[in-house]
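Data block below; observations after.
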Amino acid sequence: MSKMDKRTHSESVTTNASVTHDFSPENSDIDILDNGKTVRDFIDDKIKERVSKDTEDPFYVANLDRLYLIHLRWVTNLPRVRPFFAVKCNNTPVVLKTLSALGTGFDCASKNEIDLVLSLGVTPDDIIYAHTIKPLSHIKYAEAHGVSRMTFDNEEELLKVSLSHPNAKLILRIAVDDSKSIIRLNTKFGASLDSVAQLLERAKKLELDVIGISFHVGGGCTDSVAFMQAIADARHAFDIGNLCGFKMNFLDIGGGFSSRKDFKVQFEEVSEVINKALDECFPPESGVMVIAEPGQFYAEPVFTLAANVIGKTFVTDGKQGGEIKKMMIYINEGLYGALGLVAMHPGLTNVEPYPQRTVTNSDKRHTTVIWGPTCDCADVLLGTYHFPEMHIGEWILMENMGAYSVTLSTEFNGFERTQLYTVVSADTWCNLHLSNTNIF
Ligand SMILES: Cc1ncc(COP(=O)(O)O)c(C=O)c1O
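What follows is the structure, given as structure tokens:
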């Protein structure tokens, strides 16, 4: 594998060539996998390198091939829905730049997220400020930088917007059923359908412009019917908006999608339900622009994390030389680092010992507790693991680590943020046009 130098591309995909960055292949930190090298080979090399240098620092590997394929899966299945990637899910510049090159927009939750994507060359029209509770100064920042689409779900927010961004294009977020989702959001956000008329009348009195409706069915939605019902609810709210005299032409179906093959409901099935509901409630001839705010869908499978076993104890039945009840291992990533989300939702990642030595079926498996590195006893991966005996210095691998990991990391207890390597195959690099345009 090599850092990519100039290559010609043979195939073209729809990319956003208007986006320009100072991130050329020559000075980027992207490793191009060529000569048949795989991502796994890359991980093996990085582990060997660490072992030879006597360091045990954890690392992520971001696989841009996966990001590219995930995007193709989106556009194939939801051709009417333009994705605005939720930056809160993963704010790594290389991820954002790739998505921007592929033509997605961005859902930003704050001034800093807006600032970040603007600094990458994204235009304000490709941003939605999708937070219903915004600090006044952040609304002013959006106004000063030409970002006009923003969500709201309450009257106080309307007052703030009328003071600081009277020309904003407002999108009313409604509360929808999120009971079938892993991460529920609708107790905190979303106006009830009963309050829609009153809110829209208030917006009218304040001479604000409401252009559409948004919702979020919750993170990791396991039931496609939730989308169907939410789209029907949005239609109802649209009708109220039109009656109030607004020109409603924007629908935002939020996030909550999963691209994992082991997820309870497959994206193809969810998409089919969404497409049908859209065709019924918002047919193409209605002229309504439909967007979504996927986060996890795009980012989750893209990152793999390698962490090191830095400590180990056995819990026995108390007698000297007694029976081992469980093995406790301590790794150098945890709740306050990359594992903030997966520590609490163990099903989100598969944690596996990295095969540094042969482990056979006859090797004893221990009930294993995986602790993070900090002094906090909440720093533990919930869930039950059964590992062969692990030794200090050995590695474990975690797949699907790209969502809500880098963005939730802290330096609690002085543990630094985890290093990231980015890899892409030569073919994908060429397909993305990254080699000879100014996209990167
Ligand atoms: C407003 C908003 N949009 C989009 C997302 C992304 O959701 P997901 O990662 O489930 O796709 C979130 C996640 O919290 C959110 O709060």
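Residue numbers (my numbering): 80 to 519.
All C-beta atoms, glycine included, are put in the ideal place defined by N, C-alpha and C.
Compute the minimum distance between the beta carbon of residue 295 and the heavy atoms of ligand 1, and state whether it is under 7 Å. Position 216 of the sequence shown, counted from the start, is the residue given in the question as residue 295. Residue 295: yes, Cβ under 7 Å from ligand 1.
For residue 466, which three-state DSSP category applies? Looking up residue 466 in the sequence shown gives position 387. Judged by DSSP in its simplified three-state form, residue 466 adopts strand.
Beta carbon of residue 122, beta carbon of residue 385: below 8 Å? Sequence index remark: in the sequence shown, residue 122 carries index 43 (1-based). Sequence index remark: in the sequence shown, residue 385 carries index 306 (1-based). Yes, they are a contact pair.
Restricting to Cα atoms, I'd like to know which of 213, 474, 334, 183 is closest to residue 200. Residue mapping note: residue 200 aligns to position 121 of the sequence shown, counting from 1. When each option's Cα is compared against that of residue 200, the closest is 183.
Mind checking who residue 477 pairs with in its DSSP beta bridge? The residue labelled residue 477 in the question sits at position 398 within the sequence shown. Looking at the DSSP output, residue 477 bridges to 384, 430.
Would a C-beta distance cut-off of 8 Å place residue 392 and residue 407 closer than the cut-off? As a working mapping, residue 392 is identified with position 313 in the sequence shown. As a working mapping, residue 407 is identified with position 328 in the sequence shown. Their beta carbons are under 8 Å apart, which means residue 392 touches residue 407 by this criterion.
Quick check: residue 251 and residue 231, are their CB atoms within less than 8 Å of each other? Counting from 1 along the sequence shown, the entry for residue 251 is found at position 172. Counting from 1 along the sequence shown, the entry for residue 231 is found at position 152. Their beta carbons are under 8 Å apart, which means residue 251 touches residue 231 by this criterion.
Could you name the residues of the same chain whose beta carbon sits closer than 8 Å to that of residue 135, not counting the 5 residues immediately before and after it, in chain order? The residue given as residue 135 occupies position 56 in the sequence shown. Excluding positions up to five away in sequence, the list reads 129, 387, 389, 411, 472.
Distance, Cα to Cα, residue 429 vs residue 341? What you label residue 429 is simply residue 350 of the sequence shown in a count that begins at 1. What you label residue 341 is simply residue 262 of the sequence shown in a count that begins at 1. The straight-line gap separating the alpha-carbon atoms of residue 429 and residue 341 is approximately 11 Å.
Evaluate the contact criterion for the region 254-274 versus the region 302-315: three or more CB pairs, one atom per stretch, below 8 Å. Counting Cβ pairs under 8 Å, three or more are found: they touch.
Let me confirm a value: residue 523 is counted as buried when at least 16 other C-beta atoms fall within 10 Å, else exposed. Which label applies? With the chain running from 80 to 519 in the structure shown, residue 523 is simply not present.
For residue 346, the first and last residue of its enclosing alpha helix (DSSP H): Translated into positions along the sequence shown, residue 346 becomes position 267. Counted as a single uninterrupted DSSP element, the alpha helix (DSSP H) harbouring residue 346 occupies residues 346-360.
Bounding residues of the beta strand (DSSP E) (the contiguous stretch that carries residue 175): For the purposes of this step, residue 175 is identified with residue 96 of the sequence shown, where counting begins at 1. That residue, residue 175, is in no beta strand (DSSP E); its alpha helix (DSSP H) goes 172-181.
Please go through the same chain and pick out, in chain order, the residues whose beta-carbon is closer than 7 Å to the beta-carbon of residue 165, but skip the five residues on each side of it. Position 86 of the sequence shown holds residue 165. Residues of the same chain with a CB within less than 7 Å of the CB of residue 165, apart from the 5 flanking positions on each side, are 186, 334, 372, 373, 374 in chain order.
Starting from residue 498, trace the beta strand (DSSP E) both ways and give me its first and last residue. Here residue 498 refers to the residue found at position 419 of the sequence shown. Counting along the chain, the beta strand (DSSP E) containing residue 498 begins and ends at 498-504.
What do you reckon, is the C-beta of residue 375 under 7 Å from a heavy atom of ligand 1? Locating residue 375 in the sequence shown gives position 296, where the first residue counts as 1. Flag set: Cβ of residue 375 near ligand 1.
Beta-bridge partners of residue 164, as assigned by DSSP: Against the sequence shown, residue 164 aligns to sequence position 85. 185.
Taking 7 Å as the line, does the beta carbon of residue 264 fall inside it for any heavy atom of ligand 1? Residue mapping note: residue 264 aligns to position 185 of the sequence shown, counting from 1. Answer for residue 264: yes, Cβ within range of ligand 1.
If you run the structure through DSSP and keep just helix, strand and coil, what is residue 509? If you number the sequence shown from 1, residue 509 lands on position 430. When DSSP states are grouped into helix, strand and coil, residue 509 belongs to the helix group.
Run through DSSP, which three-state label would residue 28 get? Not covered by the structure: residue 28. The range shown for the chain is 80 to 519.
Rounded separation between residue 477 and residue 379 - CA only: Taking the sequence shown and counting its residues from 1, one reaches residue 477 at position 398. Taking the sequence shown and counting its residues from 1, one reaches residue 379 at position 300. One C-alpha to the other measures close to 11 Å.
By Cβ distance below 6 Å, which residues in the same chain neighbour residue 85 in space, the five residues on each side in sequence not counted? Residue mapping note: residue 85 aligns to position 6 of the sequence shown, counting from 1. Caution is warranted here: a pLDDT of 31 is assigned to residue 85, below 50, making its placement in the model unreliable, and no coordinate value can be reported.
Going by C-alpha distance, which of 464, 420, 458 is nearest residue 494? Within the sequence shown, numbered from 1, the residue matching residue 494 stands at position 415. Out of 464, 420, 458, 458 has the C-alpha closest to the C-alpha of residue 494.
Rounded to a whole number of angstroms, what is the C-alpha to C-alpha distance between residue 462 and residue 275? Taking the sequence shown and counting its residues from 1, one reaches residue 462 at position 383. Taking the sequence shown and counting its residues from 1, one reaches residue 275 at position 196. CA-CA distance, residue 462 to residue 275, rounds to 41 Å.
Assuming residue 344 contacts residue 301 under a Cβ cut-off of 8 Å, what Cβ separation, rounded to an integer in Å, is found between them? On the sequence shown, residue 344 is found 265 positions in, with the first residue counted as 1. On the sequence shown, residue 301 is found 222 positions in, with the first residue counted as 1. Cβ-Cβ separation between residue 344 and residue 301: approximately 6 Å, consistent with a contact (criterion under 8 Å).
How many Å lie between residue 153 and residue 354 at the Cα? Counted from its first residue, the sequence shown places residue 153 at position 74. Counted from its first residue, the sequence shown places residue 354 at position 275. Answer to the nearest angstrom: the Cα atoms are 12 Å apart.
Rounded to a whole number of angstroms, what is the C-alpha to C-alpha distance between residue 382 and residue 264? Start at 1 with the first residue of the sequence shown, and residue 382 comes out as number 303. Start at 1 with the first residue of the sequence shown, and residue 264 comes out as number 185. So the two alpha carbons sit approximately 25 Å from each other.
Sort 177, 508, 299, 131 by Cα distance to residue 258 and report the nearest one. Translated into positions along the sequence shown, residue 258 becomes position 179. The residue with the shortest Cα to Cα distance from residue 258 is 299.
Taking only the alpha-carbon atoms, compute the straight-line gap between residue 350 and residue 141 and give it to the nearest angstrom. In the sequence shown, the residue the question calls residue 350 occupies position 271. In the sequence shown, the residue the question calls residue 141 occupies position 62. For residue 350 and residue 141, the gap between their C-alpha atoms comes out near 26 Å.
Measuring straight from C-alpha to C-alpha, what distance separates residue 120 and residue 127? Indexing the sequence shown from 1 puts residue 120 at position 41. Indexing the sequence shown from 1 puts residue 127 at position 48. Each residue's alpha carbon lies about 10 Å from the other.
Closer than 7 Å to a non-hydrogen atom of ligand 1 - does that hold for the CB of residue 482? Taking the sequence shown and counting its residues from 1, one reaches residue 482 at position 403. Flag set: Cβ of residue 482 near ligand 1.
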